[in-house]
Amino acid sequence: MAIHEKSLIDSDRIQTSENLVLDGVDVSGHWNTMILPRYLSNYDTAFGRKIGTFSGAENVHRCWQCGSCTNSCTVYAQNTDFNPRYWIYLTNLGLKEEILKDKDIIWTCVSCNKCTNICPKDVRPEGVMKALAHWLEEEGHTPVTKSTIFDEEFTGQVYETGRIEDTRVMINFFRKTKQPLTPPWFIELTKRMMKHLPVGFLMHMGLHLVFKPRTKSWGRTGQVLREYVREQKEAAHKARAMPKEAVHV
Amino acid sequence: MQKTVLVVGAGPAGLSAAAGVAASGLNVVLVDKAAQLGGTPILSGYAKLVPSGEWAKDAMGRMVKRVENASNVKIHKETKVTKLAGEAGHFTATLSNGSSVECGSIVLATGFTHFDSINKPEWGFGSYEDVVTTTQVEQMVAAGKIACPSDGRVPERVAILLCVGSRDRQIGREWCSKICCTVSTNLAMEIKELSPQTDVFIYYMDIRTFGLYEDRFYWKSQEEFKTKFVKARIAEVTRSPDGRLLVKGEDTLVKRPIVIPMDMVVHAVGMDPNEDNAEIARVFGVGLEKHGFIDRAEHYTNTCGTTRRGIYAVGAALGPETIDDSISQGQAAAMRAVADLNALVQKTA
């Protein structure tokens, strides 16, 4: 059926199929366009509990929607789509789909913490913004951030050798984030280092880049560390997957 | 000279007034239309009272015992006042049991009537068994089990709808019933205590947990018991094919229609004027204010005064009132009634 006023309907609610069979009747062609209903049909209460398990977001359920956070927000002043009060409400009711609509701006929180300072119920909205951004990344709704890639490269080297080699961290970070390996500022930095640093030190750095030396008697320390971090992460994920009440039993 | 005060109604306000007059050494005749003293908290089977947390039967029980044990209080149960003659200082009341009472002043502690949810049919009460009132949930709490009336299952989700029979011009109830927000947040906590796996949602326009009820009830239910507060006035309650209830409305903050499945829907019913107020006004010759509660005289020097000299009104007879304040007003009216009689003594001396 032709919809004459498509502009009045959110585009994500209009579904057009090439071939469509409804209740055994082939309605392909003229009747191929469906409008999804506008109403919200359920709450995912586990979602609010899950966000509440992220460090910094423990008080999210306290919110009473006064709007002090949004009012004081540095980012809201620039972009009125950035509304912490609204996302906190959606979190508490478990209206996940609505949050996903804003996934590309939630991370723009600048952590000025004005919201956390002004909040009359001590919700700590800044922590909630961070938790939402982390959740979006963890669930794959937003791409892995550069800072996560950097962290992983950094800790990866620590596990491996007990130390980091600055040059190797930088080069691998550039590679993984698909940036040019030799940005102009990096070339300039290298030039100046060559000019001002003692030759022995530069040779030292070059050798380390090639031979990846390990900290003395590092032994199995890296393995143990890696195992410990993995366990901690798993425990945190487990906590997030379960209702909070159940975890504390 | 007259040494008797007639108190009509033996709920929190009336029991307090009777005890106050009796303590001053004058006589009290206490009349109640019910067979049992204690008023609505007892007759409607309330569980724990706000804000003390004490069981209604214990708290009211103490108030009743205090009056029953007073030698100068005469109690008439299952009795109404049918006729009143005379004037301040010299009233003669005729009771439905045939006796008559000579009294100097009268305290009306005639209370309120719960809003009957049947008058709001779109919210499903009377159509679906699992739509209940706060009074019914009080009774469930008192019995120690939260269950859907339809099949006895423990509800996964309970929706409490605020302002049922309050703040609603459509049904001629333009007042805030004052206590329902606090009662509802308290019930949300009690539901969660009895059934930790149940999620409780409160659908509100505003939350009016005034004074010290703010953190003790509203904040506590939200922060410690994880009650969810949804800003939406529900339009309709219907049933889904699977037997669960559906609450329909508009979420004011998300600006979207909602159709949410619930296992039980609770109406936070408001306080109507006592359904007998027309009769009470006629018998006692007192005026009613525009909502149908008993009208007050001048507020500042005539404590609890009605439009007729020598007759006072207290508690929910005057408008929606808390139990605590009803008790205080009972004491205040007792003071004033006794003062009236003493003034008469001075005049005759």
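Heads up: the sequence lines are chains A and B, in that order. Residue numbers for the first sequence follow numbering that gives the first Met the number 0, beginning at 0 and rising by one. Residue numbers for the second sequence follow numbering that gives the first Met the number 0, beginning at 0 and rising by one. C-beta: ideal position from N, C-alpha, C; glycine also.
message = At the 9 Å Cβ level, is D218(B) part of the contact set with chain A, yes or no?
response = The sequence shown places Trp at residue 218(B), rather than the Asp named in the question. By this cut-off, W218(B) is an interface position.
ask   = G13(B) and A108(B) look like a contact to me (Cβ under 8 Å); what is the Cβ gap, rounded to whole Å?
value = 3 Å
query = CA-CA distance, V248(A) and Y75(A)?
reply = With a pLDDT of 30 at V248(A), under the threshold of 50, the modelled position of that residue is not reliable, and the figure given next carries that caveat. Straight-line Cα distance between these residues: approximately 40 Å.
query = Thinking C-beta only, is T160(A) closer than 9 Å to P212(A)?
reply = yes
message = With a threshold of 9 Å between beta-carbons, can K227(B) be considered close to chain A, or not?
response = yes
ask   = Counting Cβ pairs, one atom from each stretch, are 3 or more of them under 8 Å apart for the region 88–108 of chain A and the region 38–58 of chain A?
value = yes
query = Among C102(B), K230(B), L193(B), which one has its Cα closest to the Cα of N26(B)?
reply = C102(B)
query = When the Cα atoms are used, what is the spatial distance from L180(A) to I148(A)?
reply = 16 Å
task = Name, in chain order, the residues that DSSP records as bridge partners for G304(B).
result = Y311(B)
request  = Closer than 7 Å by beta-carbon distance: list the chain B residues that pair up with N41(A), in chain order.
outcome  = I259, P260
inquiry  = Taking a contact to mean a Cβ-Cβ separation below 9 Å, would you say T132(B) touches V268(B) in this structure?
reply    = yes
query = On the three-state DSSP scale, how would you describe G143(B)?
reply = coil
query = Given P154(B), which residues of its chain have a CB within under 6 Å of its CB, disregarding the five upstream and five downstream residues?
reply = C147, T197, D262, M263
task = Could you check what DSSP says for V26(A) in three-state terms: helix, strand or coil?
result = coil
For N273(B), three-class secondary structure by DSSP = coil
message = Considering just the uninterrupted stretch of the alpha helix (DSSP H) at S67(A), what are its terminal residues?
response = 67–71
ask   = Is the Cβ of F209(B) closer than 9 Å to any Cβ of chain A?
value = no
ask   = How about K47(B) and W54(B): do their beta carbons lie closer than 9 Å?
value = yes
request  = Quickly, what does DSSP pair P260(B) with across the bridge? List them, please.
outcome  = L245(B)
query = Is the CB of H247(A) under 9 Å away from at least one CB in chain B?
reply = With a pLDDT of 35 at H247(A), under the threshold of 50, the predicted position of this residue should be treated as unreliable, though the coordinate-derived value follows. So no, H247(A) is outside the interface.
request  = Could you tell me whether any Cβ in chain A is nearer than 9 Å to the Cβ of K230(B)?
outcome  = yes
Q14(A), buried or exposed, once every other Cβ within 10 Å from all chains shown has been counted against 16 = exposed
ask   = CB-CB under 6 Å to M0(A), same chain, minus the five flanking residues each way: which ones, in chain order?
value = Residue placement at M0(A) is flagged as unreliable, the pLDDT there being 48, under the threshold of 50; the coordinate-derived value follows with that caveat. Cβ within range, chain order: W30.
query = Got a sec, what are the start and stop residues for the alpha helix (DSSP H) K129(A) sits in?
reply = 124–137
query = Do the CB positions of N78(A) and T44(A) come within less than 9 Å of each other?
reply = no
message = Any contact between the region 183–198 of chain B and the region 151–165 of chain B? By contact I mean 3 or more CB pairs, one from each, below 8 Å.
response = yes
message = Using CA atoms only, rank isn't needed, just tell me which of L211(B), S165(B), E173(B) is closest to T181(B).
response = L211(B)
task = Whole angstroms is fine: what's the gap from A338(B)'s alpha carbon to R295(B)'s?
result = 19 Å
inquiry  = Using beta carbons (cut-off 9 Å, strictly below), is L92(A) in contact with chain B?
reply    = yes
ask   = Is it true that the CB of I117(A) sits closer than 9 Å to the CB of N58(A)?
value = no
inquiry  = When you compare the CB positions of K113(A) and C72(A), do they come within less than 9 Å of one another, or not?
reply    = yes
query = For chain B, is any of its Cβ atoms less than 9 Å away from the one on T44(A)?
reply = yes
request  = Flag P319(B) as yes if its beta-carbon sits less than 9 Å from any beta-carbon of chain A, otherwise no.
outcome  = no
request  = Starting from Y88(A), follow the beta strand (DSSP E) in both directions and report where the run begins and ends.
outcome  = It is not in any beta strand (DSSP E) - Y88(A) instead sits in the alpha helix (DSSP H) that spans 83–92.
inquiry  = Does the beta-carbon of D241(B), which I'm using as the reference point, lie nearer than 8 Å to any heavy atom of the ligand ZN?
reply    = Although the ligand ZN was asked about, the structure shown includes no ligands whatsoever.
request  = Tell me whether W184(A) is buried or exposed, calling it buried when 16 or more other Cβ atoms sit within 10 Å of its Cβ.
outcome  = exposed
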